[in-house]
Amino acid sequence: MNATMETPANIADALLSLVSPGTVFKRDEPMARHTTLRVGGPADVYVEPVNEKDLSAILKFCNERNAKFFILGRGSNLLVRDAGFRGVVICLAASHFSRVELEGHRIRAGAGAKQKSVAVEAKRNGLSGVEFLEGIPGSIGGALRMNAGAMGSETFNAVESVRVMDYSGVARELKRSEMSVEYRSCAFLKNHIAVSAVFLCTPQPREEIEKRMKIYNEKRWSSQPAAPSAGCLFKNPTAIAAGRLIDELGLKNTRIGGARISQEHGNFLVNDGGATAKDVLELIELLRAKVKAERGIELQTEVEVVGESE
Ligand code: EPU
Numbered sequence: 029m030n031a032t033m034e035t036p037a038n039i040a041d042a043l044l045s046l047v048s049p050g051t052v053f054k055r056d057e058p059m060a061r062h063t064t065l066r067v068g069g070p071a072d073v074y075v076e077p078v079n080e081k082d083l084s085a086i087l088k089f090c091n092e093r094n095a096k097f098f099i100l101g102r103g104s105n106l107l108v109r110d111a112g113f114r115g116v117v118i119c120l121a122a123s124h125f126s127r128v129e130l131e132g133h134r135i136r137a138g139a140g141a142k143q144k145s146v147a148v149e150a151k152r153n154g155l156s157g158v159e160f161l162e163g164i165p166g167s168i169g170g171a172l173r174m175n176a177g178a179m180g181s182e183t184f185n186a187v188e189s190v191r192v193m194d195y196s197g198v199a200r201e202l203k204r205s206e207m208s209v210e211y212r213s214c215a216f217l218k219n220h221i222a223v224s225a226v227f228l229c230t231p232q233p234r235e236e237i238e239k240r241m242k243i244y245n246e247k248r249w250s251s252q253p254a255a256p257s258a259g260c261l262f263k264n265p266t267a268i269a270a271g272r273l274i275d276e277l278g279l280k281n282t283r284i285g286g287a288r289i290s291q292e293h294g295n296f297l298v299n300d301g302g303a304t305a306k307d308v309l310e311l312i313e314l315l316r317a318k319v320k321a322e323r324g325i326e327l328q329t330e331v332e333v334v335g336e337s338e
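Anchor point for the sequence shown: position 287 equals 315 in our numbering, and the numbering is continuous, going up by one each time.
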């Protein structure tokens, strides 16, 4: 074999040699361990940079060596295919990226922080505006990338600025007005990484915030499944909510292997145990075909799909 050829092993060796000792580095890491759906084959390299300097170096390395990478949040909106990912998975789980700090009426949160932590910190300090984040199982980075939403609100409604890093490892701060956002999408973050964000909140009596969060929590637990899932599977089409549509067509409980459409909510696919990404993808295609045939609507997945097929 040519000694200079880029193999997964020598990419991994070279990457390991440039990160700090505090950076978590694993080879052949099963992605099923890192997704709420509990599905996904191994990533060649899994890395948790200890600080921004290491994140920058890893991105620069991937860029220069043409190594594929993706940023993993809490894996709550993600399907990794069964053969895993031939590249580098970067997860901002280190404490440096998970901080949630109060700055007057603002909260600065790292991309690796839980959405719930931001909602709880705001509530604790009598700040309103991010209550809807309470029950979303993802990270702040994921919330920004997806413009995640619930209970009639969405992430960018509350965002004042975002610290971003480009793929060559250079960071800067952007105002909300400099980023174009849509339903479940932020175009800028398709080729930049969110490092942290500032949420601008409004002071309000704590009891009112608590009451609102309790109502949201009850609504969620009464309408969404507790079994492993990746949240809503499809984006809502303009004409009708995807969950209602799937329900109306009698497709709840449709099953392929270990993957099943939830009885509780038609837009959730649950893993009953042992589901593979192949099961999940086949079930998605089955639903899309039935919905297209019966209602003429093209469902778009909200869940992000990455990795290689078997
Ligand atoms: N519905 C049914 N049957 C079902 C499910 C829903 O008839 O099986 C009906 C509901 O009764 C309601 C309508 O469909 O009239 C909409 O349902 P719901 O209120 O549950 O909201 P949704 O549009 O399905 C959205 C977000 C969720 C978020 C909820 C709660 C999308 C794709 N989904 O769901 O976000 O938690 O609102 O506010 O926008 C996610 O993005 O992953 C997600 C779970």
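Glycine residues also receive a C-beta, built at the ideal position from the N, C-alpha and C atoms. Keep in mind that this is a model prediction, so the values were computed, not measured.
**Request:** Can you have a look at Y195 and say buried or exposed, based on whether 16 or more other CB atoms are within 10 angstroms of its CB?
**Result:** Within the sequence shown, residue 195 is the residue found at index 167, counting from 1. Exposed, by the Cβ-count rule.
**Prompt:** Rounded to the nearest angstrom, how far is the Cβ of E34 from that of R93, given a contact under 8 Å?
**Reply:** Along the sequence shown, read from residue 1 onward, the residue named residue 34 stands at position 6. Along the sequence shown, read from residue 1 onward, the residue named residue 93 stands at position 65. Between R93 and E34 the Cβ distance is about 7 Å, and since that is below 8 Å, they are a contact.
**Prompt:** Does DSSP classify S213 as helix, strand or coil?
**Reply:** Taking the first residue of the sequence shown as position 1, residue 213 is located at position 185. DSSP places S213 in strand when its eight states are reduced to three.
**Request:** Express the C-alpha separation of L279 and N38 in angstroms, rounding to a whole number.
**Result:** By 1-based counting over the sequence shown, the position of residue 38 is 10. By 1-based counting over the sequence shown, the position of residue 279 is 251. Taking the straight line joining both Cα atoms gives about 47 Å.
**Request:** Tell me where the beta strand (DSSP E) around N299 begins and ends.
**Result:** Position 271 of the sequence shown, counted from the first residue, corresponds to residue 299. First-last of the beta strand (DSSP E) with N299: F296 to N299.
**Asked** Can you list the alpha helix (DSSP H) stretches of 4 or more residues lying completely in the stretch 192 to 257, in chain order?
**Response** 234 to 251
**Request:** In angstroms with no decimal places, state the Cα-to-Cα distance between M29 and M59.
**Result:** Counting from 1 along the sequence shown, the entry for residue 29 is found at position 1. Counting from 1 along the sequence shown, the entry for residue 59 is found at position 31. Residue placement at M29 cannot be trusted, given a pLDDT of 43 that sits under 50; the coordinates are not used to answer.
**Item:** Residue span of the beta strand (DSSP E) that contains F53, given as start and end
**Value:** Sequence index remark: in the sequence shown, residue 53 carries index 25 (1-based). First-last of the beta strand (DSSP E) with F53: V52 to P58.
**Closest Cα partner of T304 within the set P70, F98, D110 and A71** = Locating residue 304 in the sequence shown gives position 276, where the first residue counts as 1. Nearest of P70, F98, D110 and A71 to T304, Cα basis: D110.
**Request:** Report whether the distance from the Cβ of C214 to the nearest heavy atom of ligand 1 is below 8 Å.
**Result:** Walking along the sequence shown from the start, residue 214 turns up at place 186. No, Cβ of C214 sits at least 8 Å from all heavy atoms of ligand 1.
**Request:** Compute the distance between the beta-carbons of R127 and A141, then report whether it is under 9 Å.
**Result:** Position 99 of the sequence shown, counting from 1, holds the residue named residue 127. Position 113 of the sequence shown, counting from 1, holds the residue named residue 141. Contact: yes.
**Asked** So the alpha helix (DSSP H) G271 belongs to, where does it begin and stop?
**Response** Taking the sequence shown and counting its residues from 1, one reaches residue 271 at position 243. Here the alpha helix (DSSP H) through G271 covers A270 to E276.
**Request:** May I ask whether a heavy atom of ligand 1 can be found less than 8 Å away from the beta carbon of M179?
**Result:** Translated into positions along the sequence shown, residue 179 becomes position 151. Answer for M179: yes, Cβ within range of ligand 1.
**Request:** Determine the burial state of L44: buried for a count of at least 16 other Cβ atoms within 10 Å of its Cβ, exposed for fewer.
**Result:** Within the sequence shown, the letter at position 16 stands for residue 44. Looking at its Cβ environment, which holds fewer than 16 other Cβ atoms inside 10 Å, L44 is exposed.
**Request:** Mind checking which residues open and close the alpha helix (DSSP H) that includes K170?
**Result:** Numbered from 1 along the sequence shown, position 142 holds the residue referred to as residue 170. For clarity, residue 170 is Gly in the given sequence; the question names Lys instead. Looking at the DSSP string, the run of the alpha helix (DSSP H) that includes G170 is I168 to M174.
**Item:** Inter-residue CB distance, G170 and R102 (contact presumed, cutoff 8 Å)
**Value:** For the purposes of this step, residue 170 is taken as residue 142 along the sequence shown, with counting starting at 1. For the purposes of this step, residue 102 is taken as residue 74 along the sequence shown, with counting starting at 1. Right, their Cβ atoms sit about 7 Å apart.
**Message:** Can you tell me whether F184 sits near ligand 1, meaning its C-beta is under 8 Å from at least one heavy atom of the ligand?
**Reply:** Position 156 of the sequence shown, counted from the start, is the residue given in the question as residue 184. The answer is no for F184.
**Asked** Under a Cβ-count criterion, where at least 16 other Cβ atoms within 10 Å of its own Cβ denotes burial, should V308 be classed as buried or exposed?
**Response** Locating residue 308 in the sequence shown gives position 280, counting from the first residue. Buried, because 16 or more other Cβ atoms sit within 10 Å of the Cβ of V308.
**Helix, strand or coil at V187 [DSSP, three-state]** = The count along the sequence shown starts at 1 and reaches residue 187 at position 159. Reduced to three states, the DSSP call for V187 is strand.
**Prompt:** Any beta-carbon of chain D closer than 9 Å to the one on L273?
**Reply:** Of the chains in the structure shown, none is chain D; there is only one protein chain.
**Request:** Go to E159, then tell me how far its alpha helix (DSSP H) extends in each direction, as first and last residue.
**Result:** Working through the sequence shown from its first residue, we reach residue 159 at position 131. Counting along the chain, E159 falls outside any alpha helix (DSSP H), and DSSP gives it neither H nor E.
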